[in-house]
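Just add 251 to wherever you are in the sequence shown, counting from 1, and you've got the numbering used here.
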Amino acid sequence: MIFMALGTAFFLAWSLGRNNLSNLFGPAIGTRMLPFQSSVLFAAVFVVLGAICSGTATTQSVSDLGNVSTATQALAICLSAGLILIGLSHLGIPASITQTTTGAYVGWNLFYQYTLPFDLLIQTISAWMYTPLVAGILAYLCFKLLQKLLKKHPIKLLLRDKIIRYGLLTVGIFSSYALGANNVGSIIGPFMHLETKSPEMLFLSAGLAIAVGFCFADKKVIKTVSSGMFPLTPSEAFIVVFISALTLFLFSSVELKNILLKLSLPTIPLVPVPLSGVSIGAIIGIAVAKGITGLKLKSAGKVICSWITAPVCAGVICYGILSLFMLGGIK
252 MIFMALGTAF
262 FLAWSLGRNN
272 LSNLFGPAIG
282 TRMLPFQSSV
292 LFAAVFVVLG
302 AICSGTATTQ
312 SVSDLGNVST
322 ATQALAICLS
332 AGLILIGLSH
342 LGIPASITQT
352 TTGAYVGWNL
362 FYQYTLPFDL
372 LIQTISAWMY
382 TPLVAGILAY
392 LCFKLLQKLL
402 KKHPIKLLLR
412 DKIIRYGLLT
422 VGIFSSYALG
432 ANNVGSIIGP
442 FMHLETKSPE
452 MLFLSAGLAI
462 AVGFCFADKK
472 VIKTVSSGMF
482 PLTPSEAFIV
492 VFISALTLFL
502 FSSVELKNIL
512 LKLSLPTIPL
522 VPVPLSGVSI
532 GAIIGIAVAK
542 GITGLKLKSA
552 GKVICSWITA
562 PVCAGVICYG
572 ILSLFMLGGI
582 K
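See below:
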């Protein structure tokens, strides 16, 4: 059963990679500044590094959502979260593993009639709400600043394209590392209370599974992020990816938290953040800065609605899987 549970965890990681390449390199691919194959290669290498080097920071927050004590329970959580990710990819909607895993944990708690960890849930769900807003504000400010700089110091078109191309590659790498560091906790979290011989191997394997998922990235999701909601220019694509990566990094950095503690400043919670949410927030921020006329409200509405329906559906599916296990006498 433990091998079956790990199999579903890797399925969840694969689903994450398949859906989230769009948020890392989607704008660069959509604006034809970077080819698909190179984007997959760089994303794969650095998401593995992020999972190995910094993945533990948010894992504890996920495992604290419930004391998952058997491989069967871990299987139910990972399978239900992964199925929702696959379904949203099929619909061309950027999805969040953070939201689907949290929803699955809520279903798990309700099935076993455990007390929900409301403080942690509120902290996690609050992050879903304010991180897109923060990303939107930062993207708005970056866009306005970039406009002023280019107006004051114009750059020749060929040189500008070259700078943006290398810039998109750099921030895509940064974003890939941040995704591995921040979101791998949603995959490994259900296994932290189980006996595993090598937790390090779990982080490595999860990172590799995400990397494999990149190879099967859904082109419909890439289109949604790059142009489906708002047509992005290469420079705007750079802003979206940079702001998204920066937001994920802020919620994954133990070092930054320690610095803030030493300075007696408010700290940033180390919780998994929905990359799709911050990417959409950044896109909307740029749309507002340009007058919002090009924003496709129907597409944006579908994505925002998924932030509510995805965790609810994951919780219902998890509850259903656990019920089937109980009927079959599987503990």
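Ideal placement from N, C-alpha and C gives every residue a C-beta, glycine not left out. This one's a predicted model, so the numbers in the text were calculated from it and none came from an experiment.
Given a cut-off of 9 Å, decide if residue j and residue i are closer than it, judged by their beta-carbon atoms.
{"i": "G479", "j": "G343", "result": "yes"}
{"i": "S289", "j": "T352", "result": "no"}
{"i": "A256", "j": "A325", "result": "yes"}
{"i": "T294", "j": "G423", "result": "The question names Thr, but residue 294 in the sequence shown is Ala. Taking 9 Å as the Cβ cut-off, A294 and G423 qualify as a contacting pair."}
{"i": "L526", "j": "S504", "result": "no"}
{"i": "L499", "j": "L430", "result": "yes"}
{"i": "A264", "j": "G464", "result": "yes"}
{"i": "V554", "j": "P345", "result": "yes"}
{"i": "Y391", "j": "V298", "result": "no"}
{"i": "L267", "j": "N509", "result": "no"}
{"i": "S456", "j": "F261", "result": "yes"}
{"i": "V472", "j": "P278", "result": "no"}
{"i": "S320", "j": "L445", "result": "yes"}
{"i": "N271", "j": "I348", "result": "yes"}
{"i": "C569", "j": "F442", "result": "no"}
Whole angstroms are fine: how far does the CA of residue j sit from the CA of residue i?
{"i": "D370", "j": "G354", "result": "15 Å"}
{"i": "G528", "j": "G579", "result": "38 Å"}
{"i": "S574", "j": "Y417", "result": "51 Å"}
{"i": "I535", "j": "K395", "result": "14 Å"}
{"i": "C393", "j": "A432", "result": "25 Å"}
{"i": "L572", "j": "A565", "result": "Here the sequence assigns Ile to residue 572, which means Leu is not the residue at that position. Roughly 10 Å separates the two Cα atoms."}
{"i": "L548", "j": "G358", "result": "31 Å"}
{"i": "R269", "j": "I328", "result": "19 Å"}
{"i": "L367", "j": "F467", "result": "36 Å"}
{"i": "P517", "j": "V524", "result": "18 Å"}
{"i": "A460", "j": "D469", "result": "16 Å"}
{"i": "C304", "j": "F276", "result": "21 Å"}
{"i": "G458", "j": "T375", "result": "22 Å"}
{"i": "P520", "j": "K407", "result": "42 Å"}
{"i": "L334", "j": "S530", "result": "22 Å"}
{"i": "K474", "j": "S515", "result": "44 Å"}
{"i": "T309", "j": "F481", "result": "31 Å"}
Using a Cβ-Cβ cutoff of less than 7 Å, which residues in the same chain neighbour residue i once the five nearest sequence positions on both sides are dropped?
{"i": "I415", "result": "M284, P485, S486 and F489"}
{"i": "I581", "result": "T323"}
{"i": "V567", "result": "G358"}
{"i": "S557", "result": "L339, I344 and A346"}
Between which residues of its own chain and residue i is the CB-CB distance below 6 Å, once the five residues before and five after are set aside?
{"i": "G532", "result": "P383, A386 and G387"}
{"i": "G317", "result": "Y356, W359 and N360"}
Length at least 4, wholly inside the stretch 382–456: the alpha helix (DSSP H) runs in chain order: 408–434 and 436–439
message: Please give me, in chain order, every unbroken run of the alpha helix (DSSP H) with length at least 4 that falls completely inside the stretch 461–511.
response: 470–474 and 485–501
- prompt: Can you give, in chain order, each stretch of the alpha helix (DSSP H) that sits fully within the stretch 321–350 and has at least 4 residues?
  reply: 322–341
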